[in-house]
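Here's the structure, in structure tokens; my notes come after.
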Amino acid sequence: YGMSTFEGPLLSIRAVSALAHNTDWIIGHVHSGALGWNGFMAAGMFYWLAPRLWRTKLWSVSLANIHFWIGTIGILLYVAAMWFSGIMQQLMLNTPDVSGTALKYEFITTVDKIAPFMLFRALGGTLYLTGMILMAFNIYKTAKSGSFANETREVAIVGRDKKDNMTWGKVFRNDPIAYTAWGLAFGILWFFLPPFADLMALLICGALVVFAVRAFKRSTNTWSQWYDQLSENYLPFTVLVLVAVAIGGAIQIIPTATLNSANSVEDRIQVLYTPLELAGRDIYVSEGCYNCHSQMVRTLVPDVMRYGDYSRLGESIYDHPFQWGSKRTGPDLAREGGRRSDQWHYQHMLDPRMNSGSRMPSYSVLYRAKTDIMSLPKKISVQRTVGVPYPPMSDDEIIDAAKKQAQEIAQGLVDTGEVVLRDDGTEAETKLEAKQLLEQRKIVAIIAYLQKLGKYDDVAPKPVDPTINPIMPSLPDDFRKYTREPIVAEPEPVTATVIP
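Residue numbers (the numbering used here): 158 to 657.
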């Protein structure tokens, strides 16, 4: 837990985040907390509870100590392997070739290089799991050596004072609420007021904090009594909790809702998914493709050189939820649409390892399962509810549009000679039968979705100050090395001709 807490602020540094994001480092960061904090805390609770539940001593303290040490070593191996593999992979992905105009390593090459670290990760996970098995055995032997606690105790019930008698005036008219409310108000004004006025709001907010601390020190008992009384009155306590949760939610949701609108796009806006492409997107999500493939090209030069132009907000404005991702086990797919043929995707999803070095599993189930076309009208209705501007279409029009696009893709695949199997595993005999079978399959829908990725419409660009120097650094922190000062043209020398 301590290591994860330290890593969090470290990863918030832009240069570190640029190196760590989309690699194993992020996964290792999360797992160090999950295994070392949550897992070990749960183990400690089991060791504490077992002797009390079965009224005996822990069967083996030595075995518990062994569990702790092999678990700790397992976590260190597990996380350290992901630190090393993450840093090494990102450095390789960012390395240019000798000319400096292209990247040195293909993505699959970096995956091959970090393969040994996967073995260390597996070893660490095995040690951690072994420790948990030892704990389960220890708890089992402890239970067998004792008897389950089943006792009756006499407890004197002390009469309680009358509760739930706090008035709303006492709830809201007091120092804790007053200082909190005014502090929040001026804190919000600090964000929204113009220059100089925002500084004044910040100073007032800071002064309120100082006054609140002084007031608490002067009358600590008054504040404590108010809180004790509040905790004994369920309705006022519940109301204040809801207010606090609402404020926290608003702080997160309002900026997102403000940004996530068509009015805030830069110079591109996403082309709406057709009904079949929307079905393919749902299949993409349900199959967990987002766990291995991101859909966001960062503004870093190596990302742009490898995947294409960097992603804009408008290009995923209608994705609910977005598929930006935080881990690239495989390449980024933000610009995948149109780069490869339908036939390539058809063969790749069936046998991904036709590409040497690929670790991607086969998705043969997509070639047998049928796309749920009939649910598309409801899905598009939900999309409209969350703000996606689908044009008016009847249920029949939606279904017909999906079927028509599926038929076109299926016909193209059949024409290239792709084999289509019946439900019983036998091969379709005619092209017509193959097309009729294939157009119903999920593979066609997901191909339609993959071919749509990266499609956008241009929008009118926002005016740009021509005096600003365009800068495209390899890392975000390189911005600090530059100054963005207006370019001032040198005045041309004035020459005068003297006429005698």
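Note that beta-carbon positions come from the ideal geometry of N, C-alpha and C, so glycine has one too.
Query raised in the report: Is it true that the CB of Val422 sits closer than 8 angstroms to the CB of Lys612?
Result: no
Query - Three-state secondary structure assigned by DSSP to Met289 - result: helix
Query raised in the report: If you draw a straight line from the C-alpha of Pro208 to the C-alpha of Asn295, how long is it?
Result: 11 angstroms
Query raised in the report: Per DSSP, what kind of secondary structure is Glu554 in: helix, strand or coil?
Result: helix
Requested in this report: Using three-state DSSP, classify Glu164 as helix, strand or coil.
Outcome: helix
Report task. Sort out for me which residues DSSP pairs Asn179 with in a bridge. Result -> Lys484
Requested in this report: Would you kindly work out how many angstroms separate the C-alpha atoms of Leu206 and Gly193, rounded to a whole number?
Outcome: 20 angstroms
Requested in this report: Could you have a look at Ile404 and say whether DSSP puts it in helix, strand or coil?
Outcome: helix
Query raised in the report: Looking only at C-alpha atoms, which of Ala237, Phe343, Arg212, Trp325 sits nearest to Lys301?
Result: Arg212
Requested in this report: At 4 residues or longer, and completely inside the stretch 553-604: list those alpha helix (DSSP H) runs for me, N to C.
Outcome: 588-595
Query raised in the report: With C-beta atoms as the reference, is Ser451 less than 8 angstroms away from Asp489?
Result: yes
Query raised in the report: Looking at the unbroken alpha helix (DSSP H) that takes in Ile271, where does it start and where does it end?
Result: Unbroken run through Ile271: none, as it is neither H nor E.
Query raised in the report: Can you tell me whether DSSP reads Pro351 as helix, strand or coil?
Result: coil
Query - Proximity to Ile600 [Cα-Cα], best of Trp325, Ser376, His505, Met249 - result: His505
Query raised in the report: When burial is assigned at 16 or more other CB atoms within 10 Å of the CB, is Thr180 buried or exposed?
Result: buried
**Report entry** Collapsed DSSP secondary structure at Tyr262 in the structure displayed
**Finding:** coil
Query - Proximity below 8 angstroms, CB of Val454 to CB of Gly465 - result: yes
Query raised in the report: Considering Gln427, what are the terminal residues of the beta strand (DSSP E) in which it resides?
Result: 425-427
Requested in this report: Alpha carbon to alpha carbon, how far is Gln382 from Pro478? Give it in angstroms, no decimals.
Outcome: 46 angstroms
Requested in this report: Locate the beta strand (DSSP E) running through Asp614, then write down its first and last residues.
Outcome: 613-615
Query raised in the report: Using the C-alpha atoms, what's the distance from Lys592 back to Arg525?
Result: 14 angstroms
Query raised in the report: From Ile170 to Arg496, what does the alpha carbon distance come to, in whole angstroms?
Result: 34 angstroms
Query raised in the report: Which runs of the alpha helix (DSSP H) fall wholly inside the stretch 197-270 and span at least 4 residues, in chain order?
Result: 197-210, 218-250, 264-270
Query - Thr106 burial status per 10 Å Cβ neighbour count (16 or more: buried) - result: The chain is shown only over 158 to 657; residue 106 falls outside these bounds and no answer can be derived.
Query raised in the report: Smallest Cα separation from Pro432: which of Ile530, Thr542, Phe329?
Result: Ile530
Query raised in the report: Roughly how many angstroms lie between the CA atoms of Val571 and Arg579, to the nearest whole one?
Result: 14 angstroms
Requested in this report: Under 8 angstroms by Cβ, that's how I've got Met249 and Tyr235 pegged, so tell me the actual separation to the nearest angstrom.
Outcome: That belief does not hold up - the Cβ atoms of Met249 and Tyr235 are roughly 22 angstroms apart, past 8 angstroms.
Report task. Consider the Cβ of Gln562: report whether some Cβ of chain C lies at a distance smaller than 8 angstroms. Result -> Given the protein chain composition of this structure (a single chain), no chain C is represented.
Requested in this report: Let me know the secondary structure DSSP gives Ile170 once reduced to three states.
Outcome: coil
Query raised in the report: Is the CB-CB distance between Arg425 and Asp552 below 8 angstroms?
Result: no
Query raised in the report: Can at least three beta-carbon pairs, one atom from the stretch 261-277 and one from the stretch 238-249, be found at a separation below 8 angstroms?
Result: yes
Query raised in the report: Three or more C-beta pairs closer than 8 angstroms, one from the stretch 330-339 and one from the stretch 363-377: is that the case here?
Result: yes
Requested in this report: Would you grab the beta carbon distance between Ile603 and Gly437 for me? Rounded to a whole angstrom, and I think it's under 8 angstroms.
Outcome: 4 angstroms
Requested in this report: Report the option in Ile440, Val187, Arg469 whose CA atom is closest to the CA atom of Lys527.
Outcome: Ile440
**Report entry** Gln500 versus Val539, Ser256, Glu565, residue with shortest Cα-Cα distance
**Finding:** Glu565
Query raised in the report: Where in the stretch 314-341 do unbroken runs of the alpha helix (DSSP H), each at least 4 residues long, occur, reported from the N-terminal end onward?
Result: 325-329
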